[in-house]
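Let me begin by presenting the structure, written as structure tokens, before commenting on it.
Okay, structure coming up:
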């Protein structure tokens, strides 16, 4: 079993829809990162969370440390949001990655 | 500030050869991490350097090595290339070495081993 699980693996949405991507982990962590990877490979760091909730524009990320679970929400999705979203947990000063969620808007 | 740069962007090698990839971090960042991304295994941590010292290493064979210079630029080397080493190699830099630090990724080097 992977230490970091994401769901769904693939997601197709209509423009304007509210989207949720989930991440569960099974190990103790110091932080959780949400990353975005566009076709071509470039990765951008969206959020780093150690507790609570963060918001940036149409993106919201939450984390529940007790339940070992995080969600990434995209409100009013747009075609430019099409990308792979990757959850990564920080453990012993290194990152362990989920397998990613491919979003097509 | 200039972002993280990686050279070369694309590379084709044959089995048995060796390859060196380079990463220049954002100015002022002292930590550089390297990752391998393949369709089958996803993103995997290779190693991390901080102030010229390797602080962490992932579960990769000894054919994979790296180093960091005094200006924080880093290189990784893969010797005796195998077909399975074909991948996108990404480096990321951060101010410090903590997992709570935001990492800034380079565009990657796509290595194809024939």
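Residue numbers (my numbering), protein chains in the order written: chain Y, 865 to 969; chain P, 6 to 119. By construction, the Cβ of each residue, glycine as well, lies at the ideal position given by its N, Cα and C atoms. This one's a predicted model, so the numbers in the text were calculated from it and none came from an experiment.
- Residues of the segment 85 to 104 of chain P with a CB closer than 9 Å to any CB of chain Y: list them in chain order, please. Along the segment 85 to 104 of chain P, the positions whose C-beta sits under 9 Å from a C-beta of chain Y are 93, 95, 97, 102, 103 and 104, read in chain order.
- Does the distance from the C-beta atom of residue 98 (chain P) to that of residue 77 (chain P) stay below 9 Å? Yes, these two residues count as a Cβ contact at 9 Å.
- Query: For the ligand NAP, is there a heavy atom less than 8 Å away from the beta-carbon of residue 102 (chain P)?
  - Reply: This structure lacks the ligand NAP, and indeed carries no ligand of any kind.
- Message: Residues of chain P with CB closer than 8 Å to the CB of residue 958 (chain Y), please, in chain order.
- Response: Those are 38, 50, 53, 61, 63 and 104, listed as they occur along chain P.
- Query: What residues from the segment 911 to 943 of chain Y come within 7 Å of chain P, judged by C-beta to C-beta, listed N to C?
  - Reply: Those would be 912 and 914, in chain order.
- Among P:109, P:107 and P:90, which has the Cα closest to the Cα of residue 16 (chain P)? The shortest C-alpha separation from residue 16 (chain P) is found at P:90.
- DSSP three-state assignment for residue 67 (chain P), whether helix, strand or coil: DSSP places residue 67 (chain P) in coil when its eight states are reduced to three.
- Message: Check for me: the beta strand (DSSP E) holding residue 9 (chain P) runs from which residue to which?
- Response: Segment: none, residue 9 (chain P) is in no beta strand (DSSP E) and carries neither H nor E.
- Query: Given a limit of 7 Å on CB to CB distance, which residues of the segment 7 to 23 of chain P reach chain Y?
  - Reply: Hits within the stretch: zero.
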